[in-house]
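These notes are about the structure you will find just below.
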Amino acid sequence: MLFGSIFKESFLFAYHALVSNKLRTILSLLGITIGIFAIISVFTVIDSLEKNIRTSVASLGENVVFIQKWPWEFGKDYPWWKYMNRPVPAVVELPELQRRSQYAEAMTFTINANNTVKFENNSIENINITCVSHDYNKVKTFELQDGRYFTEMESTAGRNIAVIGDNVAKSLFENKNPIGESIKIIGRKISVIGIFKKEGSSIVGKSLDDMVLIPINYARNIVDLRSDRLDPMVMIRAKDGINNEALKSELTGIMRSIRKLKPLADDDFALNETSMLSKGFDPIFEIIGLAGWIIGGFSIIVGGFGIANIMFVSVKERTNLIGIQKSLGAKNYFILTQFLIESVLLSLLGGLIGLLLVFIIAFFINIFADLGITLNQSNVILAITVSVLIGLISGFVPAYTASQLDPVEAMRS
Amino acid sequence: MKEKVRPVAITIICIVAFAFVIIGFPNIFSPFIKKLGIGYPALFGTILAFNFISLVGVWHMKKWGAYIYLITAMINQSLLLLINRWVFTDIIVPLLFISTTYYYYKQMDNNL
Chain A
373 MLFGSIFKES FLFAYHALVS NKLRTILSLL GITIGIFAII SVFTVIDSLE
423 KNIRTSVASL GENVVFIQKW PWEFGKDYPW WKYMNRPVPA VVELPELQRR
473 SQYAEAMTFT INANNTVKFE NNSIENINIT CVSHDYNKVK TFELQDGRYF
523 TEMESTAGRN IAVIGDNVAK SLFENKNPIG ESIKIIGRKI SVIGIFKKEG
573 SSIVGKSLDD MVLIPINYAR NIVDLRSDRL DPMVMIRAKD GINNEALKSE
623 LTGIMRSIRK LKPLADDDFA LNETSMLSKG FDPIFEIIGL AGWIIGGFSI
673 IVGGFGIANI MFVSVKERTN LIGIQKSLGA KNYFILTQFL IESVLLSLLG
723 GLIGLLLVFI IAFFINIFAD LGITLNQSNV ILAITVSVLI GLISGFVPAY
773 TASQLDPVEA MRS
Chain B
87 MKEKVRPVAI TIICIVAFAF VIIGFPNIFS PFIKKLGIGY PALFGTILAF
137 NFISLVGVWH MKKWGAYIYL ITAMINQSLL LLINRWVFTD IIVPLLFIST
187 TYYYYKQMDN NL
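As given, the protein sequences belong to chains A and B, one line each in that order. Numbered as in the numbering used here, the first sequence ends at 785 without a single skipped number. Numbered as in the numbering used here, the second sequence ends at 198 without a single skipped number.
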């Protein structure tokens, strides 16, 4: 009760002091605003990108192994010369892998190409054309908003059919229903039988929204499936309860056997998994986080010195008022609380403005770039905590000095 | 009310401890502490703030400063042990500070 009334009275004193010196208040809280803005914006970007990567990686499949020519390794010491003469995975290796693997739930052979897709007078350039064998829907997780996936007969027969992404459908067909219509790729007519549900932009891999999916047996009539340029790969999903290590170990044996590699020969294929991608991003995020932490940290310390300075000025200006308060019976802790609340309020206000700036900028970035940057709860709590603490630390010395003033000397000043 | 004269040893150890507080402040929002959990930056920050307040108290030769420092140092060391981040060097400054403060404890003031 007593603390409540002290707090209320101190709050009102502090509020009036801040309002009566608006320009000074704004200038002194700028340091904290910039500091909080710098640090929270960096953390927000990192957290959002990490979340997006995790979501993208999850959509690729955490229990999926990719047999490819090139391993997913990062860094400047990538030994490309060791891998460049390797053969690419071949579509003929798929049936053998399917026959021998005990740990695989499903597997699919895919190639990727970029090409122009046309419908009547509309066309979109550089669209990802993914050509897949039938079990693609059992390996990759996706949903359809309209239409259907290929039947086994259509996949085997190599029918000229396609499932298209949401962005492709909207750009080519505008208000028309794409199902049953024919699009043109490299001058060939392909019927649309399904549309993927909107997925949003993907940081890792290609988004389904900008994809056209066609059966590999149709694509083999148009393109060379062994072309390195088309990034041929076999995607394998592990059975429930089988971890990636066990699956990779089995696949290594099968692939070495298929390719007739000698016991001492190096593998001429790479077994990649999605966790390698997220691990590859970790050092980048660590460096960005560290830079943001150092820049923001020092800005906040400078901001704290600004607040301490303004609080000393405030104490000097109100010395006679402190003397009157003390002579009327105000205790030391009341004066201390009053100035401490003022500095915490000032700092908190600066922090909240910094947070608001981050929120506004994230909002506009999402409107123009759709990067999915969101200010999360932990960063909001962190910003408020840091603001309050810097206010407490930087305001304590001036507040304590004010509380120790002699009432008679204070009134005379 | 006349303030007690501050011994040189207290001045030196307070300046060293102030420097550690300022350098240590950015640590409360370091990526490492943030990764520990949502409440950890606030927890370490509160310890740091009270640590600073205690230094102001000791600087003015107040006993409450010594008490707060002892409590915050104990909590800080326990927390570092708990999260498996305790290293021997972490205890050097607190030990020096506590022993110096203890030596001059009787000269300190009881009032706020």
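Using N, Cα and C, we set each Cβ at its ideal position, and we do this for glycine too. All values derive from a computational prediction rather than experimental measurement.
Assigned exposure category for residue i - 16 Cβ within 10 Å defines buried
| i | result |
| --- | --- |
| Ser431 (chain A) | buried |
| Glu465 (chain A) | buried |
| Leu384 (chain A) | exposed |
| Leu168 (chain B) | exposed |
| Ile411 (chain A) | buried |
| His388 (chain A) | exposed |
| Ile656 (chain A) | exposed |
| Val504 (chain A) | buried |
| Glu689 (chain A) | exposed |
| Asn751 (chain A) | buried |
| Gly369 (chain A) | Residue 369 (chain A) lies beyond the residue range present for chain A, which begins at 373 and ends at 785; the question has no answer from this structure. |
| Asn593 (chain A) | exposed |
| Glu622 (chain A) | buried |
| Asn644 (chain A) | buried |
| Asp742 (chain A) | exposed |
| Met160 (chain B) | exposed |
| Ala610 (chain A) | buried |
| Gly669 (chain A) | buried |
| Val584 (chain A) | buried |
| Leu777 (chain A) | buried |
Cβ shell of residue i (< 6 Å), same chain only, five flanking positions each side left out
| i | result |
| --- | --- |
| Ser413 (chain A) | Val730 |
| Phe641 (chain A) | Ile439 and Met627 |
| Arg472 (chain A) | Ile626 |
9 Å Cβ cutoff met for residue i and residue j
| i | j | result |
| --- | --- | --- |
| Gly791 (chain A) | Ser671 (chain A) | With chain A covering only 373 through 785, there is no way to say anything about residue 791 (chain A). |
| Phe111 (chain B) | Ile666 (chain A) | no |
| Val564 (chain A) | Val595 (chain A) | no |
| Ile608 (chain A) | Met456 (chain A) | no |
| Ala128 (chain B) | Tyr191 (chain B) | no |
| Gly537 (chain A) | Ile567 (chain A) | yes |
| Val417 (chain A) | Ile745 (chain A) | yes |
| Lys121 (chain B) | Asp195 (chain B) | no |
| Leu636 (chain A) | Ala485 (chain A) | no |
| Ile696 (chain A) | Ile707 (chain A) | no |
| Phe106 (chain B) | Val179 (chain B) | yes |
| Ser400 (chain A) | Gly678 (chain A) | yes |
| Phe868 (chain A) | Ser775 (chain A) | With chain A covering 373 to 785 only, the question about residue 868 (chain A) has no answer from this structure. |
| Leu544 (chain A) | Ile562 (chain A) | no |
| Thr513 (chain A) | Gly433 (chain A) | yes |
| Leu402 (chain A) | Gly675 (chain A) | yes |
Host alpha helix (DSSP H) of residue i (start-end)
| i | result |
| --- | --- |
| Leu122 (chain B) | Pro117 to Leu122 |
| Leu786 (chain A) | Absent from the model: residue 786 (chain A). The displayed extent of chain A is 373 to 785, so no value can be given. |
| Ile666 (chain A) | Thr646 to Glu689 |
| Asn751 (chain A) | Gln749 to Ser775 |
| Arg592 (chain A) | Neither: Arg592 (chain A) is in no alpha helix (DSSP H) and is coded neither H nor E. |
| Asn738 (chain A) | Asn704 to Ala741 |
| Asn509 (chain A) | Tyr508 to Val511 |
| Asn539 (chain A) | Asp538 to Phe545 |
Cβ shell of residue i (< 7 Å), same chain only, five flanking positions each side left out
| i | result |
| --- | --- |
| Phe409 (chain A) | Gly726, Leu729 and Val730 |
| Glu526 (chain A) | Ile533 and Pro587 |
| Met605 (chain A) | Phe438, Ile439, Gln440, Pro461 and Thr482 |
| Tyr126 (chain B) | Ile119 |
| Val769 (chain A) | Ala680 |
| Arg531 (chain A) | Pro587 and Tyr590 |
| Ile114 (chain B) | Pro127, Phe130, Gly131 and Leu134 |
Residue range of the unbroken beta strand (DSSP E) whose run includes residue i
| i | result |
| --- | --- |
| Gly361 (chain A) | Given a span of 373 to 785 for chain A in the structure shown, any question on residue 361 (chain A) remains unanswerable. |
| Phe438 (chain A) | Val436 to Gln440 |
| Leu585 (chain A) | Met583 to Pro587 |
| Gly566 (chain A) | Arg560 to Phe568 |
Within-9 Å CB hit, residue i to chain E
| i | result |
| --- | --- |
| Tyr772 (chain A) | Structure shown: chain E not included; protein chains present are A and B. |
Minimum Cβ-Cβ distance from residue i to chain A less than 9 Å
| i | result |
| --- | --- |
| Val107 (chain B) | yes |
| Val142 (chain B) | yes |
| Ala103 (chain B) | no |
| Phe183 (chain B) | no |
| Thr132 (chain B) | yes |
| Ser116 (chain B) | yes |
| Lys120 (chain B) | yes |
| Ala128 (chain B) | yes |
| Ala135 (chain B) | yes |
Close-in-space but distant-in-sequence residues of the same chain around residue i (CB under 8 Å, 5 per side omitted)
| i | result |
| --- | --- |
| His506 (chain A) | Thr480, Phe522, Glu524, Ser527, Thr528 and Pro587 |
| Asp582 (chain A) | Ile499, Asn500, Gly537, Asn539 and Val540 |
| Ile733 (chain A) | Ser413 |
| Leu141 (chain B) | Cys100, Ala103, Phe104, Val107, Gly151 and Tyr155 |
C-beta neighbour in chain B for residue i, strict 9 Å
| i | result |
| --- | --- |
| Ser775 (chain A) | yes |
| Leu747 (chain A) | no |
| Asn704 (chain A) | yes |
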